[in-house]
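Student: I'd like to ask some things about the structure below.
In this note's numbering, the protein residues as written are 2 to 303.
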């Protein structure tokens, strides 16, 4: 005699109507992408931290580039699995204004931060290096370095802003997707900060303290530019040029001091302050974002 039965829970009809096939598919893509990114990144984190601990600098750069491309590899696999094509990444040329804004922000931001340190005596301007950098012989190394940083940044951005952000925008508002995607991007860096050499000049706790708001702010800005322009190239430009000018170009023009180490670069308080202010500006204009599917990106709700 049957005493009881176990059945799967049935969704209310209203909830079924609210979850469209497009939203459900987007959620599945996000879940698979995050799983694959974690899987591949664990390999990259292991290789990077192992090379760091053994002093294997010869392979450290290769392992770092592989790790940066883990989100991109995961995104390509996810899109092909669900779509059998690579549509949706935003591999398109948008209005030139958005490419210009994406390129000029990191250049001007770095100039503002580093020139402030030069002017107020926090750090000295390196005239010797400047004479080399601002010469015709530096043009080719300059272009090669930028090309390298853009290609490395593309690995991350194809994943974070090429797939994660536009797919999340199909079922949640901009504020929520900016915070969640920014948090995922931030946490993804933690193994490199805690177990490798990816940190600032100050103590580790200080690096984390300034890095979190910096990347969270940057995540919001990059999400806004990606959704507004419809092109992932905006995020690649911003990220790649930021890495070059903030990590290499302006630091080379600076004679470091203890105070400048706490202020400048990716792990400086000036970077965190700049990103938070600029993120607030972009968030203010979230209502200008175009609709995606049901228009959830037009909302600032969480």
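A virtual CB, placed ideally from N, CA and C, is assigned to each residue, including glycine. Since the structure is predicted, the reported quantities are computational estimates derived from the model, not experimental observations.
Determine the burial state of residue 55: buried for a count of at least 16 other Cβ atoms within 10 Å of its Cβ, exposed for fewer.
Tutor: Exposed is the call here.
Student: Pick from 75, 51, 33 and 62: whose alpha carbon is nearest that of residue 42?
Tutor: Closest option to residue 42, Cα to Cα, is 75.
Student: Please confirm whether residue 114 and residue 203 have their CB atoms less than 9 Å apart.
Tutor: Result no, Cβ atoms of residue 114 and residue 203 do not sit closer than 9 Å.
Student: Quick check on residue 170: buried or exposed, where buried means 16 or more other Cβ atoms within 10 Å of its Cβ?
Tutor: Buried, because 16 or more other Cβ atoms sit within 10 Å of the Cβ of residue 170.
Student: On the DSSP bridge list, what partners appear for residue 255?
Tutor: Per DSSP, 126.
Student: Scan the region 25-85 and note each continuous beta strand (DSSP E) run of 3 residues or more that stays entirely inside, going in chain order.
Tutor: Within the region 25-85, no complete beta strand (DSSP E) run reaches 3 residues.
Student: Go ahead and label residue 285 buried or exposed: buried means 16 or more other beta carbons lie within 10 angstroms of its beta carbon, across all protein chains shown.
Tutor: It is exposed - the Cβ of residue 285 has fewer than 16 other Cβ atoms within 10 Å.
Student: Considering only C-alpha positions, which residue in the set 292, 290 and 256 is nearest to residue 123?
Tutor: Ranking 292, 290 and 256 by Cα distance to residue 123 puts 256 first.
Student: Would a C-beta distance cut-off of 9 Å place residue 68 and residue 99 closer than the cut-off?
Tutor: No, the Cβ-Cβ distance between residue 68 and residue 99 is not below 9 Å.
Student: Nearest to residue 48 by alpha carbon, out of 60, 38 and 81?
Tutor: It is 60 whose Cα lies nearest to the Cα of residue 48.
Student: When we look at the beta-carbon of residue 224 and count the other beta-carbons within 10 Å, is it buried (16 or more) or exposed?
Tutor: Classification for residue 224: buried.
Student: Beta-carbon within less than 7 Å of residue 51's beta-carbon, same chain only, minus the 5 sequence neighbours each way: which residues are those?
Tutor: Counting only Cβ-Cβ distances below 7 Å, and skipping sequence neighbours, we find nothing.
Student: Does the region 194-208 come close enough to the region 156-164 that 3 or more CB-CB pairs lie under 8 Å?
Tutor: Judged by Cβ distances under 8 Å, the region 156-164 makes no contact with the region 194-208, as fewer than three pairs qualify.
Student: Kindly list the residues whose CB is nearer than 6 Å to the CB of residue 288, restricted to its own chain and excluding five residues on each side of it in sequence; keep chain order.
Tutor: Closer than 6 Å at the Cβ level, and outside the excluded window around residue 288, lies no residue.
Student: Would you call the CB atoms of residue 220 and residue 243 closer than 9 Å?
Tutor: Taking 9 Å as the Cβ cut-off, residue 220 and residue 243 do not qualify as a contacting pair.
Student: Between the C-alpha atoms of residue 303 and residue 183, what's the straight-line distance to the nearest angstrom?
Tutor: With a pLDDT of only 39 at residue 303, under the threshold of 50, the placement of this residue in the model should not be trusted; the figure read from the coordinates follows. Spanning the two alpha carbons is a distance of roughly 14 Å.
Student: Tell me which same chain residues have a C-beta within less than 8 Å of the C-beta of residue 29, skipping the five on either side of it?
Tutor: So the qualifying residues of the chain are 83.
Student: Indicate whether residue 111 and residue 164 have their beta-carbon atoms separated by less than 9 Å.
Tutor: Going by C-beta atoms, residue 111 is not nearer than 9 Å to residue 164.
Student: Do you know offhand how far residue 222's Cα is from residue 236's?
Tutor: Cα-Cα distance, rounded: 9 Å.
Student: How far does the alpha helix (DSSP H) with residue 158 in it extend, from its first residue to its last?
Tutor: Looking at the DSSP string, the run of the alpha helix (DSSP H) that includes residue 158 is 140-160.
Student: So, with DSSP's three-state summary, where would you put residue 191?
Tutor: Helix at residue 191.
Student: Taking the C-alpha atoms as reference points, what is the distance between residue 267 and residue 233?
Tutor: The straight-line gap from Cα to Cα measures roughly 22 Å.
Student: Quick check: the Cα distance between residue 97 and residue 78, rounded to an integer number of angstroms?
Tutor: Using only the alpha carbons, I get a separation of about 30 Å.
Student: Given a cut-off of 9 Å on the beta-carbon distance, is the pair residue 218 and residue 154 in contact?
Tutor: Their beta carbons are not under 9 Å apart, which means residue 218 does not touch residue 154 by this criterion.
Student: Report yes if the C-beta distance between residue 127 and residue 260 is below 9 Å; otherwise report no.
Tutor: Not a contact, by the Cβ cut-off of 9 Å.
Student: For the alpha helix (DSSP H) that contains residue 229, what are its first and last residues?
Tutor: Element bounds for residue 229: 205-230.
Student: Would you kindly check if the distance between the Cβ of residue 216 and the Cβ of residue 276 is under 9 Å?
Tutor: Contact: yes.
Student: Give the single residue among 147, 94, 33 and 39 whose Cα lies nearest to the Cα of residue 240.
Tutor: Nearest of 147, 94, 33 and 39 to residue 240, Cα basis: 147.
Student: Over the uninterrupted alpha helix (DSSP H) stretch that includes residue 103, give me the two end residues.
Tutor: Note, residue 103: alpha helix (DSSP H), 97-120.
Student: According to DSSP, is residue 22 part of a helix, a strand, or is it coil?
Tutor: Three-state DSSP puts residue 22 in a helix.
Student: Shortest alpha-carbon distance to residue 91 belongs to which of 167, 149 and 269?
Tutor: Closest by alpha carbon: 167.
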